Amino acid sequence: MKVFSAAQIKAWDQYTIKNEPIASIDLMERASSSFTKRFCELYNSDFKVLIFAGPGNNGGDGLAIARMLHQNGYDIETVICGESENGTEDFKTNLKRAENQGIKIISAEDIEFKKSIEKRVIIDAIFGNGLNRKIEGIFAEIINKINESNIEVVAVDFPSGVFCDYLNTDDVKIKAKYTLTFQCPKPAFFMKENEEYLGEWEILDIGLHPDFEKKSETNFYFTLKEDFIERPRAKFSHKGTYGHALLIAGSHGMMGAAILASKACLRSGVGKVSISAGNKENDIIQIAIPEAIFLPNDLEKSISEIWTEKELEPFDAIGIGPGIGQKEERVIELEAILKTKKPLVIDADAINLLAKNRELLENVPANTIFTPHLKEFKNLTGENPENSFETFDLLRNFASENQWIIVLKGYHTAVALPDGSIHFNSSGNPGMATAGSGDVLTGVILAYLAQGFSPQEAAIKGVFDHGKAGDAAAQIRSYKSLIASDIIENLR
2 MKVFSAAQIK AWDQYTIKNE PIASIDLMER ASSSFTKRFC ELYNSDFKVL
52 IFAGPGNNGG DGLAIARMLH QNGYDIETVI CGESENGTED FKTNLKRAEN
102 QGIKIISAED IEFKKSIEKR VIIDAIFGNG LNRKIEGIFA EIINKINESN
152 IEVVAVDFPS GVFCDYLNTD DVKIKAKYTL TFQCPKPAFF MKENEEYLGE
202 WEILDIGLHP DFEKKSETNF YFTLKEDFIE RPRAKFSHKG TYGHALLIAG
252 SHGMMGAAIL ASKACLRSGV GKVSISAGNK ENDIIQIAIP EAIFLPNDLE
302 KSISEIWTEK ELEPFDAIGI GPGIGQKEER VIELEAILKT KKPLVIDADA
352 INLLAKNREL LENVPANTIF TPHLKEFKNL TGENPENSFE TFDLLRNFAS
402 ENQWIIVLKG YHTAVALPDG SIHFNSSGNP GMATAGSGDV LTGVILAYLA
452 QGFSPQEAAI KGVFDHGKAG DAAAQIRSYK SLIASDIIEN LR
């Protein structure tokens, strides 16, 4: 699914109006109907509804929603924010319709948030996604009063005060419990700074013209389940059909990382996985993962002797980094691996070694997959972005300039591709913020590389399936009790 800017959303509306064709007031009616249907599922008519409507089309949506909820038996009070005579034509039309229905309409100056035993909910329709200026005056007062009221808020399309395309550092923003957004997610939804304002967000289909989405370009995408088609396994296939992965992972005291990554690799469909670790770690691997092949790692060899082309020839893809440590001999090993033409995923300690030995970055092949968390990403780039907007900008540029794939781990993990696009993940949950979760992800991505998926596919699908397994694990356990092994056990 494409993620569009405020300007593109406006253009999509206009394209729909022209090419469906449909009148703008009827398109507003359709959007408001979608919102009302979902709102009624969240809150029954026992709740008194306070709707705050601004003078723009977002306010027009709010007035149409007021009328529809009134028709569904809800007790409605609508607060007009700003001068109604300065409203858009569709706002004025829906204001008149609401008045004709006998809906109580008051001005913002008259609203009082008295304590009440009534069950109440607020609908925020003050500003839409096109806001790009600081909120002041009566609008700021209203938003602050709403937030101070502690009444749950449902935002129409976008919480008022949040900017669609970049970060608004001002504090005057609606804190919504739910954001019911129209047609597609917006860039601001993936910025961690907006979490407390967005609440839980959902996408409502309002029937905007599909041709616009097909024709329009964007740098941002939202990955969904329907983006993937599972590859069938042939009846007469064998383990060689599904690839041989080499995982260079683990060290004394850190063999858990190797075990988690290799188990995840096997659970993700790879035919064989060989684990390269220190000579003393053989028993640990053989006992913990009998399905894996153990390769003793002689780090005393010189750069010309370690991981020669002949030694790497049997493998279809290589993963390096989980738990390998920061010793100098690992730098020599990493330098040797970077000479390979095999698909490559680099994680954890290997990323930190590259950050400390920056001259090696010139040797990293195109389409290599990196899987850093935010701190590792900052170390890798040598930059220190101050917020999510700056981080995404750096992420796009870094991936594009180097022709690498960067998997920036976090909620809505962001996969940046060499073409400058970022794919935000839709699966996963806070329970996955646990030790070893990243090692599991490395194993999943490595498995897909070894099975012949393109690096782009392996990264995006690997991230989604990792998150999907985490969601399944959380259903069995809980966010609090989920551990990395639970993710592996729910890989399907």
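Numbering (our numbering), first residue to last: 2 to 493.
Ideal Cβ placement from N, Cα and C applies to all residues, glycine included.
Just so you know, these numbers come straight off a predicted model, no measurement behind them.
N- and C-terminal bounds of the beta strand (DSSP E) containing residue i
i	result
residue 232	From DSSP, residue 232 is part of no beta strand (DSSP E); its letter is neither H nor E.
residue 346	345-347
residue 245	245-249
residue 224	221-224
residue 155	154-157
residue 425	423-426
Beta-ladder partner(s) of residue i, from DSSP
i	result
residue 121	49
residue 252	None; residue 252 has no bridge partner.
residue 277	249, 296
residue 108	81
residue 283	Partner(s): none; residue 283 has no beta bridge.
residue 54	81, 126
residue 135	Answer is none; residue 135 lacks a bridge partner.
residue 3	222
8 Å contact criterion, which residue i and residue j should meet: CB distance rounded
i	j	result
residue 370	residue 460	5 Å
residue 428	residue 465	5 Å
residue 313	residue 444	Not really, about 19 Å apart at Cβ, beyond 8 Å.
residue 162	residue 139	Not confirmed; about 14 Å, so no contact.
residue 223	residue 188	So it is not a contact: roughly 10 Å between Cβ atoms.
residue 35	residue 225	At roughly 18 Å, the Cβ-Cβ gap does not stay under 8 Å, so residue 35 and residue 225 are not in contact.
residue 31	residue 68	That pair is no contact at about 14 Å.
residue 323	residue 278	That pair is no contact at about 10 Å.
residue 441	residue 488	5 Å
residue 374	residue 411	7 Å
residue 59	residue 127	7 Å
residue 475	residue 426	About 15 Å; that fails the 8 Å criterion.
residue 321	residue 285	Not really, about 19 Å apart at Cβ, beyond 8 Å.
residue 456	residue 344	6 Å
residue 157	residue 125	6 Å
residue 281	residue 253	7 Å
Which listed residue (the options) has its alpha carbon closest to that of residue i
i	options	result
residue 197	450, 176, 315, 67	176
residue 170	389, 261, 233	389
residue 267	26, 138, 451, 76	451
residue 398	391, 66, 79, 421	421
residue 403	255, 100, 411, 362	362
residue 179	122, 146, 172, 468	122
residue 330	341, 315, 308, 317	308
residue 219	70, 238, 244, 4	4
residue 246	239, 233, 237, 263	263
residue 387	232, 167, 482, 333	167
residue 271	348, 339, 463	463
residue 229	63, 49, 458, 492	458
residue 159	203, 353, 283, 280	203
residue 483	455, 437, 47	437
residue 183	430, 7, 424	7
residue 213	16, 423, 492, 454	16
residue 273	110, 90, 146, 316	316
residue 449	306, 232, 326	232
residue 146	111, 25, 384, 380	111
residue 39	70, 52, 332	70
residue 88	62, 76, 78, 104	62
residue 119	42, 57, 51	51
residue 491	472, 90, 191	472
residue 164	151, 152, 134	134
residue 94	155, 113, 26	26
residue 357	194, 368, 332, 367	332
First and last residue of the uninterrupted alpha helix (DSSP H) at residue i
i	result
residue 78	Residue 78 -> not in any alpha helix (DSSP H); beta strand (DSSP E) instead, spanning 76-81.
residue 92	90-101
residue 71	58-72
residue 485	485-490
residue 477	456-477
residue 11	7-20
residue 148	138-150
residue 26	25-43
residue 448	438-451
Residue i at chain B interface by Cβ criterion, 8 Å
i	result
residue 163	Absent from the structure is chain B; it holds one protein chain and no more.
- [ ] Please go through the region 291-337 and give each complete beta strand (DSSP E) segment of 3 or more residues, from N-terminal end onward.
- [x] You should have 294-298, 318-321.
Task: Runs of alpha helix (DSSP H) wholly within the region 172-222 (minimum 4 residues, chain order) - done: Here the runs fully enclosed are 196-199, 211-216.
- [ ] Would you list, in sequence order, the uninterrupted alpha helix (DSSP H) runs of no fewer than 4 residues that lie entirely inside the region 335-418?
- [x] Those alpha helix (DSSP H) runs which fall completely within the region 335-418 and span 4+ residues are 349-357, 375-382, 389-403.
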